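Undergrad: Let me begin by handing over the structure; questions about it come next.
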Amino acid sequence: MRSLKLDAPKSLSQRVMQRLRQAIIDGEFALGAAISEEMVANSFGVSRTPVREAMGQLQAQGLVVIRPQVGSFVFTPSAEDITALCTFRIALEPKAAELAFRHDRDGAITTMSEAIAAMEPAIAARDNIAYGRADAAFHEALFTHCGNRYLAESYQLASSRVAALRTNLTSPIDVRTRTSFDEHRKLLDLFARGDFAAFATLMTTHVTNSGVVYAKALKVDALKVD
Numbered sequence: 318m319r320s321l322k323l324d325a326p327k328s329l330s331q332r333v334m335q336r337l338r339q340a341i342i343d344g345e346f347a348l349g350a351a352i353s354e355e356m357v358a359n360s361f362g363v364s365r366t367p368v369r370e371a372m373g374q375l376q377a378q379g380l381v382v383i384r385p386q387v388g389s390f391v392f393t394p395s396a397e398d399i400t401a402l403c404t405f406r407i408a409l410e411p412k413a414a415e416l417a418f419r420h421d422r423d424g425a426i427t428t429m430s431e432a433i434a435a436m437e438p439a440i441a442a443r444d445n446i447a448y449g450r451a452d453a454a455f456h457e458a459l460f461t462h463c464g465n466r467y468l469a470e471s472y473q474l475a476s477s478r479v480a481a482l483r484t485n486l487t488s489p490i491d492v493r494t495r496t497s498f499d500e501h502r503k504l505l506d507l508f509a510r511g512d513f514a515a516f517a518t519l520m521t522t523h524v525t526n527s528g529v530v531y532a533k534a535l536k537v538d539a540l541k542v543d
């Protein structure tokens, strides 16, 4: 019988992947930007092997596009991608909210309240990165506390792209207005009261508006390039 010895965990490539993932989400690498394996390896003080492995993991998450013989690039969504992503969120988030209410209402409310509390100083400081992280924590709370790992894993497939779009394209607007913040507070209130019909309606509006902002911002960026 062949040995079933496990390979050593690739902790180095995981650490590289996690740092690059956060850098993409925080906008350190712009959407569509090239990511040089050599530059990353030199910056982290590692060989190119763990960087290459990290890039493969990021490609699986939809954050990076690897073009053989060309290079690695941060993803750039199309209008169709944005529509599909918003439809995906509108389908999943209200259901996750219902399940979270039944499974761990208090835990979900605590996490969502903490996220909203973090939004306040981010708006005051006009810190779109901090706001984007708080925004992501708010929505992820629905899945963290829903008690259904399949639903949570489904959301994880798209959550990195949502977070990157949120920080790069939506949050700069969110920290200049209180519209997003006010919608999050209303969503929390509706969740706490268990009014899921109104919750689903507001979440649909909230996500749809985000998609409109994404599309407009991408058009502006395209015009700048042209």
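Heads up, the sequence shown is in my numbering, so the first residue is 318 and it goes up one at a time.
Even for Gly, the Cβ is constructed at its ideal location relative to N, Cα and C.
Computed from a predicted structure; not experimentally measured.
What is the DSSP secondary structure of V479, reduced to helix, strand or coil?
TA: V479 falls in the helix class under three-state DSSP.
Undergrad: Who are the near neighbours of A432 in its chain, counting only those whose CB is closer than 6 Å to its CB and skipping five residues on each side?
TA: Contacts found: A451, A454 and F455.
Undergrad: Going straight from the alpha carbon of R502 to that of F392, what length do you get?
TA: For R502 and F392, the distance between alpha carbons rounds to 31 Å.
Undergrad: Which class does A377 belong to by DSSP, given the choice of helix, strand or coil?
TA: A377 falls in the helix class under three-state DSSP.
Undergrad: Quick one: is Y467 buried, meaning 16 or more other Cβ sit within 10 Å of its Cβ, or exposed?
TA: Its Cβ having fewer than 16 others within 10 Å, Y467 is exposed.
Undergrad: Can you round the beta-carbon distance between S488 and Y531 to whole angstroms, since I take them to be within the 8 Å contact cut?
TA: At roughly 11 Å, the Cβ-Cβ gap does not stay under 8 Å, so S488 and Y531 are not in contact.
Undergrad: G528: buried (16+ other C-beta within 10 angstroms of its C-beta) or exposed?
TA: Buried, because 16 or more other Cβ atoms sit within 10 Å of the Cβ of G528.
Undergrad: Which residues does DSSP pair with S328 in a beta bridge?
TA: Answer by DSSP bridge pairing: none, since S328 is not bridged.
Undergrad: Would you kindly report the start and end of the unbroken beta strand (DSSP E) that includes G362?
TA: Element bounds for G362: n/a, residue is neither H nor E.
Undergrad: With distances taken between CB atoms, is the gap from I446 to G349 smaller than 8 Å?
TA: No, the pair does not count as a contact, with Cβ atoms beyond the cut-off.
Undergrad: Taking only three categories from DSSP, how would you classify T384?
TA: In the sequence as presented, Thr is not what sits at residue 384; that position holds Arg. Strand at R384.
Undergrad: According to the Cβ coordinates, are T484 and A458 closer than 8 Å?
TA: Not closer than 8 Å, so no.
Undergrad: Return helix, strand or coil for F455, following the three-state DSSP convention.
TA: In this structure, F455 counts as helix in the three-state DSSP scheme.
Undergrad: Would you mind reading off the limits of the alpha helix (DSSP H) that contains E410?
TA: That run of the alpha helix (DSSP H) goes A396 to A442.
Undergrad: Assign R510 to one of two classes, buried (16 or more other C-beta atoms within 10 Å of its C-beta) or exposed (fewer than that).
TA: Exposed.
Undergrad: Run through the DSSP bridge pairs and tell me what I305 is partnered with.
TA: The structure shown does not extend to residue 305, since the chain spans only 318 to 543, so no value can be given for it.
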